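Asker: Per my numbering, the sequence shown starts with residue 53, numbered consecutively.
Where is the CB? At the ideal position from N, CA and C, for every residue including glycine.
This structure is a prediction, so every number in the text was calculated from the model and none was measured.
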Amino acid sequence: MQAEVKGTTMPILEVSLERGEQVVSTRGELAWMTESIQMSQTMNTGGGGGGFMQGLKRVVGGGGLFLTRYEGPGAITFAAKMPGHIMPVDITPGQAYYVHRHGWLCGTQGITPSVGLQQTFRGGIYGGDGFVLEKLEGQGRAWIELSGELTTYMLPPNQTLLVHPGHIGMFQGSVQFQITRMRGIANAFFGGDGFHLVALTGPGQIWLQSMPLAILAASLAPYLGGGGDSTGKALGAGAAGGIIGDMLRG
53 MQAEVKGTTM PILEVSLERG EQVVSTRGEL AWMTESIQMS QTMNTGGGGG
103 GFMQGLKRVV GGGGLFLTRY EGPGAITFAA KMPGHIMPVD ITPGQAYYVH
153 RHGWLCGTQG ITPSVGLQQT FRGGIYGGDG FVLEKLEGQG RAWIELSGEL
203 TTYMLPPNQT LLVHPGHIGM FQGSVQFQIT RMRGIANAFF GGDGFHLVAL
253 TGPGQIWLQS MPLAILAASL APYLGGGGDS TGKALGAGAA GGIIGDMLRG
């Protein structure tokens, strides 16, 4: 198997498969492929996790109930949905990575995607998209899509960084993850930068993204107005509402 990331602003991942080699992805990630590629649907990635319950965990984590398996010989291409980066991550047994929802692009057989949840339900209510993450474990290589510019930090033990939930791209499983509330009534009512933040505590490496999809959608919302007449405004508002709704839902 050979894999190459091509491009800069809107990169693609091109994977060449020999006969019998396979990659798996969530539904809808395909950009193009050669006609010799065999495509099928599965609930099992080959990493020891499969079945209906594992599929439900993937759904909660931002994936799909079924996975799409692509088998060679041939070439298949996945494209980034946002300006940013596609990066490979090698996963070994006992080592997990937590990725933002919809961040996992594809992976080799043996990668097991599921859901990683914050410890408290209350934290999930207030934490927004940062609460539900996709957990990748097993053994193999995964490719992750991160939006905007990418910044990495290696946190030593007990060092904590407070991060807006949407800017979390990925972090190692050794990093502790906790929704935290900023104290003070002014923060509660006027804190546009986020009343609830995510406390990431080392040891471990974290990857932060500068342009998460939900924040981009919210920034564009005021500019997605309609036309000059009332009918145009209504149609424009309806279209804008549909676009923003679809973007926020991923």
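Throw me the rounded Cβ distance for the Tyr149 and Gln224 pair, which I believe falls under 8 Å.
Answerer: Going by Cβ atoms, the distance from Tyr149 to Gln224 rounds to 6 Å, so yes, they are a contact pair.
Asker: Within the continuous beta strand (DSSP E) that includes Ser304, where are the two ends?
Answerer: Outside the shown range of the chain, which is 53 to 302, sits residue 304, and nothing can be said about it.
Asker: Check whether the region 250 to 260 touches the region 193 to 211, counting contact only when three or more Cβ pairs, one atom from each stretch, lie closer than 8 Å.
Answerer: Enough Cβ pairs lie closer than 8 Å, so yes.
Asker: Per DSSP, Glu123 is paired with what?
Answerer: BP columns for Glu123 point to Gln74, Gln90.
Asker: Counting pairs of beta carbons, one from the region 136 to 147 and one from the region 188 to 204, are three or more of them closer than 8 Å?
Answerer: At 8 Å Cβ cutoff, the stretches touch.
Asker: From which residue to which residue does the beta strand (DSSP E) around Ala55 run?
Answerer: That run of the beta strand (DSSP E) goes 54 to 58.
Asker: Counting C-beta neighbours from all protein chains within 10 Å, is the total for Met222 16 or more, i.e. buried, or is it exposed?
Answerer: The residue is buried, with at least 16 neighbouring Cβ atoms inside 10 Å.
Asker: Helix or strand or just coil, what does DSSP make of Ala270?
Answerer: Note: Ala270 maps to helix in three-state DSSP.
Asker: Can you tell me which of Arg233, Gln161, Ile196 puts its alpha carbon nearest to the alpha carbon of Leu69?
Answerer: With distances taken between Cα atoms, Leu69 lies closest to Gln161.
Asker: What's the gap between the Cα of Ala55 and the Cα of Arg121?
Answerer: Ala55 and Arg121: Cα-Cα distance of roughly 16 Å.
Asker: Just verifying my parser: in three-state terms, what is the DSSP assignment at His219?
Answerer: Of the three classes helix, strand and coil, the one that applies to His219 here is helix, per DSSP.
Asker: For Glu201, which residues of its own chain have a beta-carbon under 6 Å away from its beta-carbon, when the five flanking residues on both sides are left out?
Answerer: Same-chain partners within the cutoff: Ser262.
Asker: Roughly how many angstroms separate the alpha carbons of His137 and Ala251, rounded to a whole number?
Answerer: Each residue's alpha carbon lies about 24 Å from the other.
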